[in-house]
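Protein chains: 2
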Amino acid sequence: MAAAEWKVMRIIWRYQSCAARDVYKETAAEFGWAPSTAKTLLRRLVDKGYLQVRQIGNSFLYRPAEPAIKTLAGAADALLSNALEGAVGPLLAHMVKKSKLTEEELAQLRKLLEEHQPREK
Amino acid sequence: MAAAEWKVMRIIWRYQSCAARDVYKETAAEFGWAPSTAKTLLRRLVDKGYLQVRQIGNSFLYRPAEPAIKTLAGAADALLSNALEGAVGPLLAHMVKKSKLTEEELAQLRKLLEEHQPREK
DNA sequence: ACCAAAAGACTACAGATGTAACCGATTTGA
DNA sequence: TCAAATCGGTTACATCTGTAGTCTTTTGGT
Numbered sequence: 001m002a003a004a005e006w007k008v009m010r011i012i013w014r015y016q017s018c019a020a021r022d023v024y025k026e027t028a029a030e031f032g033w034a035p036s037t038a039k040t041l042l043r044r045l046v047d048k049g050y051l052q053v054r055q056i057g058n059s060f061l062y063r064p065a066e067p068a069i070k071t072l073a074g075a076a077d078a079l080l081s082n083a084l085e086g087a088v089g090p091l092l093a094h095m096v097k098k099s100k101l102t103e104e105e106l107a108q109l110r111k112l113l114e115e116h117q118p119r120e121k
Numbered sequence: 001m002a003a004a005e006w007k008v009m010r011i012i013w014r015y016q017s018c019a020a021r022d023v024y025k026e027t028a029a030e031f032g033w034a035p036s037t038a039k040t041l042l043r044r045l046v047d048k049g050y051l052q053v054r055q056i057g058n059s060f061l062y063r064p065a066e067p068a069i070k071t072l073a074g075a076a077d078a079l080l081s082n083a084l085e086g087a088v089g090p091l092l093a094h095m096v097k098k099s100k101l102t103e104e105e106l107a108q109l110r111k112l113l114e115e116h117q118p119r120e121k
């Protein structure tokens, strides 16, 4: 998924489900896109299976084809396997440093690390 | 950076510094690429500033323009800002679950999480 | 000194991405 | 009811990516 497509996905996730118009209202305001740009992106996301559409009267309702976390996890996996094939530690460290995390998220991550079987060196 | 480019970067990182021939030997063996494919990728990576070249005799020596971790961190940052703009927790959790980490890496991550200032909810 | 091998440079071309105009159908406000 | 706004669909086009052929120059071997 390319950057412009992520922008559209984020909007859809926020709305949970919305019409083309909602999307291009936002992309116009946020990025100055022409409506047709948003429409093209929506079509491509449907083609790729990231979005589903349902017709409502003369108009269409877009919604994510799968839960956001699944899509995100897929992207993360692509990065991991594309980029480093195994040497993930330092990258995770970097991401933890740069991220804003809530107390619950921190707790969950600590728990995961406790449970994590270390790999032999 | 696209998938094919990552493949080349990984080879260069492994060699630290190498000639075009080393790269296309590997890409031929691993992915069945024609030598020219590897050469094109090398050129593009130089154009984009990911690789530096130095001439050695009639030939060129390629090496990373910046430390691998910096390139990787950049890619991770792009994913974070492209994809989710803030809601990193569940993604990190996913990555931790899927990763193989050494004992040292686990320790470092635990330490980072200890020190991490939680964000207000 | 010559020729085959190898290096890098240039060119190619299909598919993906970023960005958008135009078009015909329909809804709707006046 | 009639024109304006809107909808989704189709088409466009420049750039980037994946993959590779060709050309010219260098060079190592004989």
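Those protein sequences? They're chains A and B, same order as listed. The opening position of the first sequence corresponds to residue 1 in this note's numbering, with each subsequent residue numbered one higher. The opening position of the second sequence corresponds to residue 1 in this note's numbering, with each subsequent residue numbered one higher. Glycine residues also receive a C-beta, built at the ideal position from the N, C-alpha and C atoms.
Where residue i sits in the DSSP three-state scheme
i               : result
A65 of chain B  : coil
A107 of chain A : helix
L51 of chain B  : strand
A2 of chain B   : coil
A93 of chain B  : helix
Listed by chain order, chain B residues near residue i by CB distance under 7 Å
i               : result
E103 of chain A : P118
V23 of chain A  : What V23 of chain A touches in chain B: nothing, since even the nearest Cβ is about 16 Å away.
R110 of chain A : R110, L113
L106 of chain A : L113, H116, P118
Any C-beta of chain B under 7 Å from that of residue i
i              : result
A38 of chain A : no
Q52 of chain A : no
A29 of chain A : no
A3 of chain A  : yes
Within chain B, partners of residue i - CB distance below 8 Å
i               : result
L127 of chain A : Coverage of chain A is limited to positions 1 through 121, which leaves residue 127 of chain A absent and any answer about it impossible.
C-beta neighbour in chain A for residue i, strict 7 Å
i              : result
N58 of chain B : no
Q55 of chain B : no
V96 of chain B : yes
Under 8 Å by beta carbon: chain A residues contacting residue i
i               : result
L179 of chain B : This structure leaves residue 179 of chain B out entirely; chain B is present only between 1 and 121.
Integer Cβ distance of residue i from residue j, believed to fall under 8 Å
i               : j               : result
L113 of chain A : L109 of chain B : 6 Å
L79 of chain A  : L45 of chain B  : In fact, because the Cβ distance is near 18 Å, the residues do not count as touching under 8 Å.
L42 of chain A  : Y62 of chain A  : 6 Å
Within the chosen definition, does the stretch 24 to 35 of chain B reach the stretch 111 to 118 of chain A through at least 3 CB pairs nearer than 8 Å? no
So does the stretch 97 to 112 of chain B actually touch the stretch 51 to 62 of chain B, counting three or more Cβ pairs closer than 8 Å? no
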